[in-house]
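**Q**
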Amino acid sequence: MVNINSNNQRLFHPNDEVKQRSDIKDWDLEIEKGKDIEKYWAQEAEQFDWFKKWDSILDESNKPYYKWFDGGQINLAYNAVDRWIETGKRNKIAILYINERGKEVKLTYYELYREVNKVANALLNLGIKKGDSVSMYLPMCPELIISMIACTKIGAVHSTIFSGLSSVAVVERVNDIKSKIIITADGTYRRGKIINLKSVIDEAMLQCPTVQTVVLVNHTGRYNDVADLRGNEIFYDRLIEGETDSCDCEVMESEDPLFILYTSGSTGKPKGVIHTTAGYMVGIATTFKNVFDIHDDDLWWSTGDAGWITGHSYTVYAPLLLGTTTLIYEGAPDFPDPGIWWKIIEKYGVTKFYTAPTAIRHLMRFGKKYSKLYNLDSLKILGSVGEAINFEAWKWMYEEIGKGKTPIMDTWWQTETGMHMISPIPIADLKPGSATKPLPGVQIAIVDEEGKELPPNKKGYLAITKPWPAMFRGLHNDDERFINVYWEEFPGGIYRAGDMAEIDEDGYIWIQGRSDDVLKIAGHRIGATEVESAFNSHPAVNETAVIGKEDPVKGQLIKAFLILNEGYNLDMPFKEGNRFLLREELKRHVRHALGPVAVLGEMVQVDKLPKTKSGKIMRRVLKAQEEGEDLGDISTLESD
Ligand code: WT7
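Using UniProt numbering, read the sequence shown as starting at 1 and increasing by one per residue.
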């Protein structure tokens, strides 16, 4: 039921069934318990199997280089897979893979265990040791998950690259961590077509000198013969053929790196976000259990691809750490028709479903017809991630998908936080559009420019005031940026999230978008500078400024203001006699550089861009103009 309170906010109260089922009975009490952060997280850490318990829970002696569970020894793959083999979950399905062609692969915990071991042994045979990095450029298929866990088992650091990114992105990411191996596939299924991934890798590998071996999953069956491969390429199936299906787990220190995942910041270079072992494991498993009230009979489906953090934390690792079945789907939400997701939910009886507002808004456009075709009664809890969920999308999700009985968990978090930070739990009273309160064990404040806490109803910067276990531990090869971007702005080891937010009188947090030059397109993060350099690398372009422009489906689209070189205009054919206009050519060029995630909205040609006296582009001014707002402080604006 949604009603309105005296502040004109909509309120949602969960029904009795949700409350009865919930393991947590009192939200406030749980938050209260979480205030003693060390005690809270140490208690949660007890659920895992450790080779050796920790000496200290949280070490704050060298801020912001916090350490969690220091002195402890553990292996995450052991806790996610191996330990279930000895229990009643041995033959439970761990991974349920489905693709748009109707193919289905079910891997029980025991089968997953054996597959992981084979790949782990194969990687060891290829010379991969603890601490080495392995890149992956794969669609959402079982081999991706198996490979990630295999790395974790032997202590190799995995780094996945979303399969929608370009060869330029692959080169940048592989070279930054000097991977010796990349695991990839021939292609991926998308809307009835096969997208060629191998050609992206072929192009990238021309510029990746550290890669000794390319492991190829023959996923769509394009390659039939070893003769099709180059000298340093090997089929995945061939690689693991004959490998034994048992493999010891590497003993990992709590703070040993687990994976590196790249994300966009406000400068051109992507940031290699480093996550480590024990704290990450404890953080994601606990939040997963709290936010989605996970039970043994759940069938979990997160649409997050393992090329991003949602996929790492909540599609792959947290579900397996709790012994849950995780469904992965390779395909688009609207193919063969916009009912496919609901069809899958009905067919398999999905109980908890986690997706992004942009997908919901996309599906809303096709009306209510499709969701009505299927019985979605199995659903108990829904989740949202990636950006704030607007009320229309919330309502549609609640009424059409949840049939008016499933609460929606709006989870705020980041690649850097590794785990959910601000989110309700199922028994919470919700205010649609607000991610509600910090989770138990998490401390948040809204602060001013100096880092001083602001009173309710004042817009400010979102800050995390106490360390949390799944926090990232650094940026690969970029310590300076780690400090500058996140820790320097506010004193005392307080983390600057990069979002603006407001807290209301009931302690509910309302996220209000980024405070830096990062755009959010369909929930994906992309740096304004990255897009600008892609434009600037085209011979027709002199200089570019981009901003995010509101879009009803994608949240934001790129709007580019371009100064073109002498003699060019956007509506001329790009080359003499060419039927492509420069406008289209630029679109293609940017897409090639950044991949399909960079969705271009508008391009306009300008003579001049607003700049500070020191020559920095003031995107804020362009954005304000665009939105017809007051220009704010433009005293540093360059004078004519
Ligand atoms: C940024 C982090 C965390 C996994 C997916 C995105 C925005 C994320 C929400 C939410 C409002 C949200 C923020 C944040 N964001 N979730 N529930 N409400 N904004 O991870 O790519 O690292 O992006 O996404 O701006 O800083 P990411």
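Backbone N, C-alpha and C define an ideal beta-carbon position, used for all residues, glycine too.
Looking at the strands, I want to know which residues DSSP matches up with residue 550.
**A** 556
**Q** How would you label residue 351, buried or exposed, when you count the other beta carbons within 10 angstroms and need 16 or more for buried?
**A** buried
**Q** Three or more C-beta pairs closer than 8 Å, one from the stretch 457 to 471 and one from the stretch 494 to 501: is that the case here?
**A** yes
**Q** Alpha carbon to alpha carbon, how far is residue 493 from residue 465? Give it in angstroms, no decimals.
**A** 7 Å
**Q** Thinking just about the alpha-carbon of each residue, which of 244, 102, 451 is nearest to the one in residue 189?
**A** Distances from the CA of residue 189 to each of 244, 102, 451 were compared; the closest alpha carbon is that of 102.
**Q** If residue 78 sits next to residue 92, beta carbons under 8 Å apart, how far is it from one beta carbon to the other, in whole angstroms?
**A** Not a contact, Cβ separation roughly 17 Å.
**Q** Our contact map puts residue 181 next to residue 212 with C-beta atoms below 8 Å; I'd like the distance itself, whole angstroms only.
**A** 7 Å
**Q** Measuring straight from C-alpha to C-alpha, what distance separates residue 541 and residue 627?
**A** For residue 541 and residue 627, the distance between alpha carbons rounds to 25 Å.
**Q** Could you tell me if the beta carbon of residue 306 falls within a distance shorter than 8 Å of some heavy atom in the ligand WT7?
**A** Flag unset: Cβ of residue 306 not near the ligand WT7.
**Q** Do you know how far the Cα of residue 62 is from the Cα of residue 333?
**A** For residue 333 and residue 62, the distance between alpha carbons rounds to 46 Å.
**Q** Three-state secondary structure (DSSP) at residue 374?
**A** coil
**Q** Let's see if you can read the secondary structure: which residues bound the alpha helix (DSSP H) around residue 592?
**A** 582 to 594
**Q** Relative to the ligand WT7, is the shortest distance from any of its heavy atoms to the C-beta of residue 548 smaller than 8 Å?
**A** no
**Q** Any heavy atom of the ligand WT7 closer than 8 Å to the CB of residue 447?
**A** no
**Q** Which parts of the stretch 451 to 514 are runs of the alpha helix (DSSP H), unbroken and 4 residues or longer, counting only runs that do not cross its ends?
**A** 479 to 482
**Q** Could you give the residue range of the alpha helix (DSSP H) that holds residue 199?
**A** 198 to 205
**Q** Looking only at DSSP bridge pairs, what is residue 618 linked to?
**A** DSSP output for residue 618 lists no bridge partner at all.
**Q** Under 8 Å: does the beta carbon of residue 309 sit that close to some heavy atom of the ligand WT7?
**A** yes
**Q** In angstroms with no decimal places, state the Cα-to-Cα distance between residue 552 and residue 397.
**A** 16 Å
**Q** What do you reckon, are the CB atoms on residue 187 and residue 139 nearer than 9 Å?
**A** yes
**Q** So is residue 537 buried or exposed if we call it buried at 16+ other beta carbons inside 10 Å?
**A** exposed
**Q** Spatial neighbours of residue 599 within its chain, please: CB distance less than 8 Å, with the 5 preceding and 5 following residues excluded, ordered by chain position.
**A** 521, 522, 554, 557, 558, listed in sequence order.
**Q** For residue 438, write down the residues that DSSP places opposite it in a beta bridge.
**A** 422
**Q** Comparing the CB of residue 263 with every heavy atom of the ligand WT7, is any distance shorter than 8 Å?
**A** yes
**Q** With residue 135 as the anchor, note down where its beta strand (DSSP E) starts and where it stops.
**A** 133 to 137
**Q** Who are the near neighbours of residue 335 in its chain, counting only those whose CB is closer than 7 Å to its CB and skipping five residues on each side?
**A** 100, 191, 192
**Q** Within 10 angstroms of the Cβ of residue 35, are there 16 or more other Cβ atoms? Answer buried if so, exposed if not.
**A** exposed
**Q** Looking only at its own chain, which residues have a Cβ that is under 6 Å from the Cβ of residue 302, when we skip the five neighbours before and after it?
**A** 314, 315, 354
**Q** Return the first residue and the last residue of the alpha helix (DSSP H) that residue 530 is part of.
**A** 528 to 536
**Q** Quick one: grab the DSSP three-state call for residue 389.
**A** coil
**Q** Is it buried or exposed, residue 4, if we count other Cβ atoms within 10 angstroms and call 16 or more buried?
**A** exposed
**Q** Would the C-beta of residue 523 count as close to the ligand HEM, meaning under 8 Å from any of its heavy atoms?
**A** Here the bound small molecules are the ligand WT7; the ligand HEM is not part of this structure.
**Q** Tell me whether residue 329 sits in a helix, a strand or coil according to DSSP, three-state version.
**A** strand
**Q** Looking at the secondary structure, which residues open and close the alpha helix (DSSP H) in which residue 278 lies?
**A** 278 to 292
**Q** Could you tell me the boundaries of the alpha helix (DSSP H) in which residue 191 lies?
**A** Looking at the DSSP string, residue 191 is not in any alpha helix (DSSP H), and its letter there is neither H nor E.
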